[in-house]
Amino acid sequence: MTSEPQLSGRRIQVIGVTGAGKSTFARRLGKELSIPVYELDDFFYESRAGGALSENNARRSIQALVESNDEWILDGNHWVQLKDVSYNIATDILWIDTPLPLTLWRVITRTIWEVLTIPGVLRRELSGDSLIAMSLRVRAKKHANWSKRVETDSRWKRLSGWFGRDSFLARVRDTLRQA
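Set out below in structure tokens:
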């Protein structure tokens, strides 16, 4: 593992806990590289725009997408559903590892916005399905798992700290300017 990770290719999986900033980073990286970005949550979760696909249909759709394109950025984890689909052929798996205070700030502000704008979210947050509670519950487990992968698989890169994403994007821009 190097202190300044670089991209190896153009099939990129962006992962991180809820509130890490995956979607914003993936969109910015896609713009820099002129690579299409696909949000995995659009396949797996119901959105305001419409219903989600079944898990099997979502998996098949993503498999078709990654197998028929040489360049893509997938934004989201979904390890259980996709470990043998996108993760196996990704050239780079970028883990956005933001500090806990920043992650919590993002999750709390997102939750407040959703409570104010989406019916049913307040009920979710007051139940056992709270986004805030879930993000805290899974953080340590994912951190331990992903730390091991960074050490054992060169495709895994950890972008950590308050400005890890921004520093990485700056290096990508510099590399593109030099090319």
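Anchor point for the sequence shown: position 119 equals 147 in the numbering used here, and the numbering is continuous, going up by one each time.
Glycine included, each C-beta is placed from N, C-alpha and C at the ideal position.
Check your understanding: Mind checking Val166: buried by the 16 CB within 10 Å criterion, or exposed?
Key -> Burial call: exposed.
Point to revise | Leu35 versus Ile121 - alpha carbon distance | key: Using only the alpha carbons, I get a separation of about 9 Å.
Point to revise | Span separating the alpha-carbon of Asp69 from that of Arg205 | key: Distance between the alpha carbons of Asp69 and Arg205 is about 32 Å.
Check your understanding: What residues match up with Ser188 in a beta bridge as DSSP calls it?
Key -> Paired residue(s): Asp125.
Exercise for review: For Arg201, collect the residues of the same chain with a Cβ closer than 7 Å to its Cβ; drop the 5 residues on either side in sequence, then sort them by chain order.
Suggested key: If the five residues before and after Arg201 are omitted, its C-beta is found closer than 7 Å to the C-beta atoms of Glu60, all from its own chain and listed in chain order.
Check your understanding: Is Arg76 buried or exposed, if buried means 16 or more other CB atoms sit within 10 Å of its CB?
Key -> Confidence at Arg76 is low in this model, with a pLDDT of 44, below 50, so its placement is unreliable and the value that follows should be read with caution. Arg76 should be labelled exposed.
Point to revise | Stretch-stretch touch, CB-based, cutoff 8 Å, three pairs: the segment 97–114 with the segment 125–145 | key: Segment contact: the segment 97–114 against the segment 125–145, fewer than three CB-CB distances shorter than 8 Å; contact not assigned.
Exercise for review: Would you list the residues sitting across from Ile40 in a DSSP beta bridge?
Suggested key: Ile40 is bridged to Ile101, Asp120.
Check your understanding: So Leu187 packs on Pro33, CB below 8 Å; how close in whole Å?
Key -> About 7 Å; that satisfies the 8 Å criterion.
Review point. At which residues does the beta strand (DSSP E) containing Glu83 begin and terminate?
Key: For Glu83, there is no enclosing beta strand (DSSP E); the enclosing alpha helix (DSSP H) covers residues 83–95.
Check your understanding: Based on the DSSP secondary-structure assignment, which residues constitute the bridge partners of Val179?
Key -> According to the sequence shown, residue 179 is Glu rather than Val. Answer is none; Glu179 lacks a bridge partner.
Exercise for review: Ignore the nearest five residues each way along the sequence and tell me which others in Trp184's own chain have a CB closer than 6 Å to its CB.
Suggested key: The residues Ile121, Arg177, Val178, in chain order, have a CB closer than 6 Å to that of Trp184 in the same chain once the five nearest residues on each side in sequence are set aside.
Review point. Shortest alpha-carbon distance to Lys170 belongs to which of Gly49, Trp107, Pro129, Asn84?
Key: Measuring from the Cα of Lys170, the nearest candidate turns out to be Trp107.
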